[in-house]
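Position 13 of the sequence shown, counted from 1, bears residue number 12 in numbering that gives the first Met the number 0, the numbering being contiguous throughout.
Glycine included, C-beta positions come from ideal geometry on N, C-alpha and C.
Please read all numbers here as calculations on a predicted model, not as lab measurements.
A short write-up of the structure that comes next.
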Amino acid sequence: MIKCKEFQVKDKSVGLVIRRKYEPIESVLERVNAWIRSETIRVLNVATVSHCAWYQPEIPLPVIRVWYEE
């Protein structure tokens, strides 16, 4: 069965701030690789997707999407 899993960039901001701080995409990729190593899957494709939140459309948050087969 083909499935996908998304890994989102984490917001690293503390409290109320004007400028948000986000996790670097390299850190997200480290989490992706750790997940792949821990699962018994066959990776079919990895893509970076840019999502726009409806409440903050000016900040597209990238997501790494992994398509895989169990």
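### Message
Within the continuous alpha helix (DSSP H) that includes E22, where are the two ends?
### Response
Looking at the DSSP string, E22 is not in any alpha helix (DSSP H), and its letter there is neither H nor E.
### Query
From V48 to Y21, what does the alpha carbon distance come to, in whole angstroms?
16 Å
### Message
According to DSSP, is E68 part of a helix, a strand, or is it coil?
### Response
strand
### Query
Distance, Cα to Cα, I40 vs V27?
19 Å
### Query
Just how far apart, CA to CA, sit E25 and E69?
25 Å
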